[in-house]
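Participant:
Protein chains: 4
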Amino acid sequence: MERTHPQTIAFIGLGQMGLGMAARLIEGDFSLTVYNRTTARAEPLVAQGAHVAAQAADAVEPGGIAISMLADDAAAEALFDDALLSRLGPGGVHLSMSTLSPATVTRLAARHTAHGVAYVACPVFGRPDAARAGKLWLCYAGPADVRPRLEPLLNVLGQGVRDFGEDPAAANVTKLAGNFLIASAIEAMSEAYALAEKHGVDAEQVHQLLSQTLFACPIYQNYGNAIVAQRFTPPGFTLRLGAKDMRLVQDAARTAEVPMPLASLLGDRFLRMLATGQGDIDWTGIAADQRASSGLT
Amino acid sequence: MERTHPQTIAFIGLGQMGLGMAARLIEGDFSLTVYNRTTARAEPLVAQGAHVAAQAADAVEPGGIAISMLADDAAAEALFDDALLSRLGPGGVHLSMSTLSPATVTRLAARHTAHGVAYVACPVFGRPDAARAGKLWLCYAGPADVRPRLEPLLNVLGQGVRDFGEDPAAANVTKLAGNFLIASAIEAMSEAYALAEKHGVDAEQVHQLLSQTLFACPIYQNYGNAIVAQRFTPPGFTLRLGAKDMRLVQDAARTAEVPMPLASLLGDRFLRMLATGQGDIDWTGIAADQRASSGLT
Amino acid sequence: MERTHPQTIAFIGLGQMGLGMAARLIEGDFSLTVYNRTTARAEPLVAQGAHVAAQAADAVEPGGIAISMLADDAAAEALFDDALLSRLGPGGVHLSMSTLSPATVTRLAARHTAHGVAYVACPVFGRPDAARAGKLWLCYAGPADVRPRLEPLLNVLGQGVRDFGEDPAAANVTKLAGNFLIASAIEAMSEAYALAEKHGVDAEQVHQLLSQTLFACPIYQNYGNAIVAQRFTPPGFTLRLGAKDMRLVQDAARTAEVPMPLASLLGDRFLRMLATGQGDIDWTGIAADQRASSGLT
Amino acid sequence: MERTHPQTIAFIGLGQMGLGMAARLIEGDFSLTVYNRTTARAEPLVAQGAHVAAQAADAVEPGGIAISMLADDAAAEALFDDALLSRLGPGGVHLSMSTLSPATVTRLAARHTAHGVAYVACPVFGRPDAARAGKLWLCYAGPADVRPRLEPLLNVLGQGVRDFGEDPAAANVTKLAGNFLIASAIEAMSEAYALAEKHGVDAEQVHQLLSQTLFACPIYQNYGNAIVAQRFTPPGFTLRLGAKDMRLVQDAARTAEVPMPLASLLGDRFLRMLATGQGDIDWTGIAADQRASSGLT
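Protein chains in written order, with our numbering: chain A, 10 to 306; chain B, 10 to 306; chain C, 10 to 306; chain D, 10 to 306.
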């Protein structure tokens, strides 16, 4: 039987998000060669028909498409090195979907350009279940001329794509702004519901009212439900990853000289949670710290 | 022609919100006697058929219903004094819709009880246009037995009523929690969009993405639009009133021993804006202060 | 044998500070009639020769001098009521040494004036051992004409007196400013020494260097020693009292529209400590909270 | 005439501090070869007898001593590169007196070791006038065996040396802790004195009281005098440099997972001042920002 999409795509990085996205692509009839530092993570994809590469550079093909979903800046800089990029070479495209710092993205994009590879930043909003279901929101920024070639992939991965122009860093600034808004909403609900509870008011009732009226949107509904239910495991997105993103926000604020007192407050909140051994729960776990600070048990 | 609702209702407090609510009630075929410190404010209502009382106590009738929408705790405590309450007397009901501190509400409710008057706390969410259109969200708490009698009024004023039990203070805690969430969202957007702008990213595009997906709800859409348009006048809700509410939040946090770092941050933000003469713009004007602090002009 | 100071002085309020000050005055050959809500606290003073009054008003004499050292604004307002003041009457002087809010002081002073009593604000700096040894620092503000009459008392109680003019509230603003500086220094050392310790650097060495050079002054030396030794009991000044003072600072900041982000940070720190049951240790115990937040054990 | 100290010392970095230190050393009869990116800065030293090197590597001698006083981590990493270190070589000692991040120091020390060069961290406390007068406080950490050889230099530069062991990073952590305490004291005084002033109390009187009693130490006296006099130029230490140090503090806090809310608050204060074009005044200028935020003019 013929594949709808004949070309093989390299998919690099199989964390919770990457795994779901890769599975979704295979279901969408794309042929994938995957790479992950820990190869065992690829097993479910192999069962779906994916090939596995022993090295990241082996996954890519000259002039082909590579997608990456990596944990941090360091991983992106290490894997997309000169060796990989010279193999990917002219005509190659890197669809970089990780949450990275704008400064790193600018540096990476220049390195890609030097090898004739197009660097497209396309960070995503959504948790692992949305990744698996192709319901992500995508922030695209990079060379406009390669977008048609990527369109079939984007359509399978997301429920919508927004374009932020040709400068890849712009998409990552947008992603950081979004994650900052999410963390801020978690902080605000954590404080508000602790206040209600200590005044003897049912926090769930308060939450129902607000999240069905003024704040009737996914972030308040989904995260708020977890907060009032005190359900912080299994994590959809860990505090440790949240802490990393808050550092990226704070670094971007420094670079641009933007005082962000709420980002600073969140940075300290996350640091306390890491220091006290709570890095592996979901980032809505901010509410657990707020409850403890309020003497609620 | 017969009125649908034969009894006259006292309506006390004709600020931006009160004026809209009173007009809405008259349209809903209720007969009102209104009171406001500055009588001239009542003129449009008189044109609609309302009576005007020279004193608050003159507006109420023994065993009747009084609605109040006042600026602060001090006004509520001053107007609903023993003289007014003894006139309202047994069988009387006070539907208190102002944003007041839970501590004041508890004190007021006791004073009402001593006169045989039912105190119902029913603070509202919504701006003046929602008040005028009967599209408020209502937080009801107080004696359950008087609710049927109030139902026709509530139906005309709001698009929905939530019940928070018999303790009136619970409704006011809920209202403060809600206003705190709103102010937090304004702060978060103000910081995020300044970050985007200083990185050369179009803040409006970032806002459109986020407010149509993860944050697709009235607060982010309406307030966010004002923020990216830098449209802070005329005010729907002034910074001065926001500062007052944040003080009530902070006082409630103290009383209950709940550290609320985000509320503290907002408290200082509002204080700076009052100190620098910006108290009369809309509270989305936080964004103007954030822009100035970021060196954006 | 003749007393050096023939007139009997009323001394009201026998907390840790008041007890030391009263003992010091008796040693300085003053005759005291003391009052405390819990009479048993007066026993050591009775052994020194003091009389005990059953009611505060009984302690004062027409035209005499009353000294007070009370826990909070509420106690001062309750005890110095019209009954006591009408007994103290014209020619009477109240040397009010408690830490009170400027707003309360202004209200109290007016009440005194109505009875012909001079209100002198004279809050103090120093811990109980300094009170007992007559080594307090005194902030005087009030009618200048009564100061000569108070001079012998002031000389026995303090090692120095500063005059802040005729408006009593000025002395209390100064006292709050001072306590705020102290709490700020405790916070700063707590954070700095936790940083050093987590980097494997001996916090005591860091403290010795800094407190013997740039910060060679009593607050850094005494409080810093307690911090590095983690010695928070017995308290010289409890966190609960510190929390009260921080509230007074924050209230004074609101009234005057002065954003004080560091005071807000301290307010939240204190609230967390109260909420988690640490209100009765010394206020240097902020360092214990900082250590816990840093994962130090 | 014979020099007391026959060996020539390399002195690298002639900012405000470095210039004063170098002049002091020449007066102390040390022979210097100096290097600065902008050679013209060396002129007053040449007049005192110093030699000037065109490149940093030309200033050092095999097995000799190099002293550096540089603006930031980047300068230290760039100048003390493999070329310079291979020339300095075995038996060489680098007395590194700049304020650097602990992480950079650890990396630099390893690079020195690889070339057989001893890396001694010795950051200093004191402003340019103290540098010129040999009145600095020195924080020494590094190989103990080279200290005797450095002793004559240390004695001329400082009024005291504290030893923080063999790990060079420890001295830099101590320096950061100290600068953080200084910035915290400036912040605290700025807020306290604005509070006093807006309550109509003379801030200078408050400052005199506190800085002559509880806070009778150089930092409160010197910086406090500048604050109450609103004398922020010429700068002894610019806000821009303070901002850099606060970033180092915040980075060290992240690395060690220590939430430092006061450091975060200062970080945002500094960012606002940079963003609004106030980076070149003295860092006591925090008080100017506090006054503006308080509506004081």
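Glycine is no exception: its CB is placed at the ideal position from the N, C-alpha and C atoms. Computed from a predicted structure; not experimentally measured.
(1) Quick test of your reading: cysteine 148 (chain C) and arginine 171 (chain C), contact by CB under 8 Å. State the CB separation rounded to the nearest angstrom.
(2) Please report the residue range of the beta strand (DSSP E) in which isoleucine 308 (chain D) lies.
(3) Since proline 177 (chain B) and alanine 130 (chain B) are thought to touch, with beta carbons under 8 Å apart, how far apart are those beta carbons, to the nearest angstrom?
(4) With burial defined as no fewer than 16 other Cβ atoms inside 10 Å of the residue's Cβ, what is the status of glutamate 52 (chain D): buried or exposed?
(5) Going by the DSSP bridge assignment, what does phenylalanine 20 (chain D) pair with across the sheet?
(6) Note down the Cα distance separating valine 225 (chain D) from proline 137 (chain B), rounded to an integer number of angstroms.
(7) Looking only at C-alpha atoms, which of D:Ile295, D:Asp154, D:Thr42 and D:Ile76 sits nearest to isoleucine 191 (chain D)?
(8) Looking at the structure shown, is glycine 169 (chain D) part of a helix, part of a strand, or coil, going by DSSP?
(9) So for phenylalanine 189 (chain D), helix, strand or coil by DSSP?
(10) Give a yes or no on whether the minimum CB-CB distance between serine 302 (chain A) and chain B is below 8 Å.
(11) Quick one: is tryptophan 146 (chain A) buried, meaning 16 or more other Cβ sit within 10 Å of its Cβ, or exposed?
(12) Rounded to a whole number of angstroms, what is the C-alpha to C-alpha distance between tyrosine 128 (chain D) and alanine 83 (chain A)?
(13) CB-CB under 8 Å to methionine 10 (chain C), same chain, minus the five flanking residues each way: which ones, in chain order?
(14) By DSSP's criteria, alanine 130 (chain C) is part of a beta bridge. Which residues make up the other side?
(15) Check this for me: beta carbons of methionine 106 (chain A) and valine 126 (chain A), under 8 Å apart or not?
(16) Starting from the beta carbon of arginine 281 (chain C), find every residue of chain A whose beta carbon is closer than 7 Å, and list them in chain order.
(17) Along chain D, in chain order, which residues have C-beta atoms closer than 7 Å to that of proline 270 (chain A)?
(18) Along chain A, in chain order, which residues have C-beta atoms closer than 8 Å to that of glutamate 266 (chain D)?
(19) DSSP beta-bridge partners for aspartate 291 (chain B)?
(20) How many angstroms separate the CA atom of leucine 185 (chain A) from the CA atom of serine 220 (chain C)?
(21) For a contact meaning CB atoms closer than 8 Å, what does glutamine 214 (chain C) contact in chain D?
(22) Pull up the distance between the alpha-carbon of alanine 262 (chain B) and that of glycine 245 (chain B), whole angstroms please.
(23) Count the other CB atoms, across all protein chains shown, that sit within 10 Å of the CB of glutamate 175 (chain A); report buried if there are 16 or more and exposed otherwise.
(24) Can you look up methionine 10 (chain D) in the DSSP assignment and give me helix, strand or coil?
(25) For glutamine 299 (chain B), does the count of other Cβ atoms within 10 angstroms reach 16, so buried, or fall short, so exposed?
(26) Helix, strand or coil for leucine 283 (chain B), going by three-state DSSP, please let me know.
(27) Would you give the residue range spanned by the alpha helix (DSSP H) that arginine 96 (chain B) belongs to?
(28) Check the Cβ-Cβ distances between serine 110 (chain D) and every residue of chain A, and say whether any is below 8 Å.
(29) Under the three-state reduction of DSSP, which class applies to leucine 163 (chain C): helix, strand or coil?
(30) Just the Cα atoms here: how many angstroms apart are isoleucine 236 (chain C) and alanine 252 (chain C)?
(31) Would you please verify whether the beta carbon of methionine 10 (chain D) is less than 8 Å from any beta carbon of chain A?
(32) When you compare the CB positions of serine 303 (chain D) and valine 267 (chain C), do they come within less than 8 Å of one another, or not?
(33) Could you pull the DSSP bridge partners for leucine 386 (chain B) from this structure?
(34) CB of histidine 103 (chain B) to nearest heavy atom of the ligand ATP: below 7 Å?
(35) Starting from arginine 256 (chain D), find everything on chain A with Cβ-Cβ shorter than 9 Å and list it in chain order.
(36) Please report the residue range of the alpha helix (DSSP H) in which glycine 29 (chain B) lies.
Facilitator: With the structure as the only source:
(1) 6 Å
(2) No answer is possible for residue 308 (chain D): the residues shown for chain D start at 10 and end at 306.
(3) 4 Å
(4) exposed
(5) D:Val43 and D:Ile76
(6) The question names valine, but residue 225 (chain D) in the sequence shown is alanine. Their backbone Cα atoms lie some 56 Å apart in a straight line.
(7) D:Ile295
(8) strand
(9) helix
(10) yes
(11) buried
(12) 29 Å
(13) Reliability fails at methionine 10 (chain C), whose pLDDT of 47 lies under 50, so the model's placement of it is uncertain and the value that follows must be treated cautiously. None.
(14) C:Ser105 and C:Ala150
(15) no
(16) Ser302
(17) Asp277
(18) Leu280, Leu283 and Ala284
(19) B:Thr247
(20) 42 Å
(21) Arg171, Phe173 and Thr183
(22) 26 Å
(23) exposed
(24) The predicted model places methionine 10 (chain D) with a pLDDT of 47, which falls under 50 and marks its position as unreliable; any figure quoted below should be read in that light. DSSP places methionine 10 (chain D) in coil when its eight states are reduced to three.
(25) buried
(26) helix
(27) 91–97
(28) no
(29) helix
(30) 18 Å
(31) Because methionine 10 (chain D) carries a pLDDT of 47, less than 50, the predicted location of this residue cannot be relied on, and the following value inherits that uncertainty. No, methionine 10 (chain D) lies away from the interface with chain A (no Cβ there is under 8 Å from its Cβ).
(32) yes
(33) With chain B covering 10 to 306 only, the question about residue 386 (chain B) has no answer from this structure.
(34) In the structure shown, the ligand ATP is absent, as is every other ligand, since no ligand is present at all.
(35) Arg263
(36) 25–36
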